[in-house]
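The numbering of the sequence shown is full-length UniProt numbering, which starts it at 1 and goes up by one. Just so you know, even glycine gets a beta-carbon here, dropped at the ideal spot from N, CA and C. Everything on this sheet refers to the single structure shown next.
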Amino acid sequence: MRRLPFSPWHLLLMPLALLFALPLVQMVLTAFMPDGDINRFPPRFIPTRLQLDGFIGLFTQSQALRWLANTVIVAAIAVLAQLVLCSMAGYGFARLKFFGRTAGFLMILATIMIPTQLLMIPTYVMFSRLGLIDTLAAAFVPWLASAFGIFLMRQFFLSLPAELEDAARIDGCSTFGVFWRVVLPLARPALATLTVFTLLGSWNDLIWPLVAISDESLYTIQLGLANFQGTRHTQWSLLMAGNVVATLPLIIAFVLAQRQFVATMTFSGLKG
C-alpha cells in the first residue's frame, strides 16, 4: 500500500478545520454583501456582488478608528505589563525560597476559580474611589497581571535546568542578572504564549469595559461594535465589517507566535 504524503490524522483534522473556519468565512463574505443579500431569507452564503459599503459606513458613521486605537493602547499596555510582572512573579515562585511561597502561590492560583462576574461590583467600587471609572485606565488596569500568567511562567521556569543559573552565579551574576541575562532569553516560547493569551483576552474584553466606560470616545473596538446591535435593528454590514477589522490583528499575532505557542505547550506541562 502506497504511503500517504501526510499524516493519516490530517484526513480527520482537515474537515474539522474547514468546519471551524466556516463561520470566519461567512463573516468575511457578509462584510462585503449588499444589505439585500444579508436580510434575505433564506440567507445567502455567496453574495451576488461584492461591495465596500459596510467598511465605508464603519469608518464614516462611527468612531471606529478611535475605538481601534484605544484597543491597541489597552492591549499593548496589558501585554507589556504581563510580560514584566508575570515573568518576575513566576521566577520568584519557581526559584526563590521564602516563607509562604507555596501557600502564596496556591492562593494566587485559587483566584482563577473565582467567576469574573463576582468581582465586578467590588472592582467597580474600588476603581470609582480611585477615579478610574470612565477612563481608558479602567480597561487596562485589570490586565496588568494575572494568575494564569504567573502559573504559566512558573511552570516554564521549573522546566529549565537549575545548573544554568548556578553557573551564572559562579561567574558573579546577581539574582536579577541571572533572571535577566540567562533565564528570560530562554523563556521566549513562554513569553510568546503569554503574549497571545493576554492579547486575546484584553482585545476581546467586553463585559468589564461595558460596565466601567460610558464615554463613546473611550470605547474599545468590542464595546463600539456592540452598539451596532439593537433590540429592533442590527446593522449587520457594519457589524461584520467591524468584526473583520477587529479579528485580523489577532489572526496575524497568532500566526507569528504559532511556533513559540506550540513549544510552550510542550515544555510547560499544559498539553492535554
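task = Look up Q155 in the DSSP assignment and say whether it is helix, strand or coil.
result = As a first step, residue 155 must be located in the sequence shown, where it is residue number 155. Reduced to three states, the DSSP call for Q155 is helix.
key: For A21, the first and last residue of its enclosing alpha helix (DSSP H)   = For the purposes of this step, residue 21 is identified with residue 21 of the sequence shown, where counting begins at 1. Residues 10-31.
query = A89 and S202 look like a contact to me (Cβ under 8 Å); what is the Cβ gap, rounded to whole Å?
reply = Counting from 1 along the sequence shown, the entry for residue 89 is found at position 89. Counting from 1 along the sequence shown, the entry for residue 202 is found at position 202. Not really, about 18 Å apart at Cβ, beyond 8 Å.
request  = Apply the 10 Å Cβ neighbour rule to V125 and answer buried if 16 or more other Cβ atoms are within range, or exposed otherwise.
outcome  = Within the sequence shown, numbered from 1, the residue matching residue 125 stands at position 125. V125 should be labelled exposed.
key: Span of the alpha helix (DSSP H), counted from its first residue to its last, around G57   = Indexing the sequence shown from 1 puts residue 57 at position 57. Note, G57: alpha helix (DSSP H), 53-60.
query = Between which two residues does the alpha helix (DSSP H) harbouring V255 extend?
reply = Within the sequence shown, numbered from 1, the residue matching residue 255 stands at position 255. Where V255 is concerned, the enclosing alpha helix (DSSP H) stretches over 236-256.
ask   = Whole-angstrom Cβ separation of M27 and V244, contact assumed at under 8 Å?
value = Locating residue 27 in the sequence shown gives position 27, counting from the first residue. Locating residue 244 in the sequence shown gives position 244, counting from the first residue. Indeed, because the Cβ distance is near 6 Å, the residues count as touching under 8 Å.
query = Between residue 294 and I46, what straight-line distance do the alpha-carbon atoms span, to the nearest angstrom?
reply = Because the chain spans 1 through 272 in this model, residue 294 falls outside it and cannot be assessed.
inquiry  = How far does the alpha helix (DSSP H) with D166 in it extend, from its first residue to its last?
reply    = For this step, residue 166 is matched to residue 166 along the sequence shown. Run containing D166: 162-170, per the alpha helix (DSSP H) assignment.
Opening and closing residue of the alpha helix (DSSP H) in which V72 lies = On the sequence shown, residue 72 is found 72 positions in, with the first residue counted as 1. Run containing V72: 64-95, per the alpha helix (DSSP H) assignment.
query = The alpha helix (DSSP H) spanning D205 covers which residue range?
reply = Residue numbering aside, residue 205 sits at position 205 when the sequence shown is read from its first letter. First-last for D205: undefined, no H or E at that position.
request  = Within the same chain, show all residues whose beta-carbon is closer than 8 Å to that of S214, passing over the 5 residues directly before and after it, in chain order.
outcome  = Along the sequence shown, one-based indexing puts residue 214 at 214. Closer than 8 Å at the Cβ level, and outside the excluded window around S214, lie D134.
query = Beta carbon of A94, beta carbon of F157: below 7 Å?
reply = Mapped onto the sequence shown, residue 94 falls at position 94. Mapped onto the sequence shown, residue 157 falls at position 157. Yes; because the gap between Cβ atoms is below 7 Å, this pair is in contact.
query = Who are the Cβ neighbours of R181 in its own chain at under 8 Å, not counting the five residues just before and after it?
reply = Taking the sequence shown and counting its residues from 1, one reaches residue 181 at position 181. Closer than 8 Å at the Cβ level, and outside the excluded window around R181, lie A168, C173.
query = Rounded to whole angstroms, how far is the Cβ of L218 from the Cβ of N70, which I believe are closer than 8 Å?
reply = The residue given as residue 218 occupies position 218 in the sequence shown. The residue given as residue 70 occupies position 70 in the sequence shown. Right, the Cβ-Cβ distance comes to about 6 Å (below 8 Å), so this counts as a contact.
key: Cβ neighbours of A241 in the same chain (closer than 6 Å, five flanking residues each side left out)   = Counting from one through the sequence shown, the residue named residue 241 turns up at place 241. Only A31, G54, F55, L58 meet the Cβ criterion.
inquiry  = Counting beta carbon pairs with one atom in the segment 116-124 and one in the segment 146-161, are three or more of them shorter than 8 Å?
reply    = no
key: Per-residue burial, F151 [other beta carbons within 10 Å of its own, 16 or more giving buried]   = The residue you call residue 151 lines up with position 151 of the sequence shown. Under this definition F151 is a buried residue.
query = For L164, which residues of its own chain have a beta-carbon under 7 Å away from its beta-carbon, when the five flanking residues on both sides are left out?
reply = Mapped onto the sequence shown, residue 164 falls at position 164. So the qualifying residues of the chain are V182.
message = Please classify I252 as buried or exposed, where buried requires at least 16 neighbouring CB atoms within 10 angstroms.
response = Working through the sequence shown from its first residue, we reach residue 252 at position 252. I252 is exposed by the Cβ-count criterion.
key: Contact check, G177 vs C86, beta carbons under 7 Å   = In the sequence shown, residue 177 corresponds to position 177, counting from 1. In the sequence shown, residue 86 corresponds to position 86, counting from 1. Not closer than 7 Å, so no.
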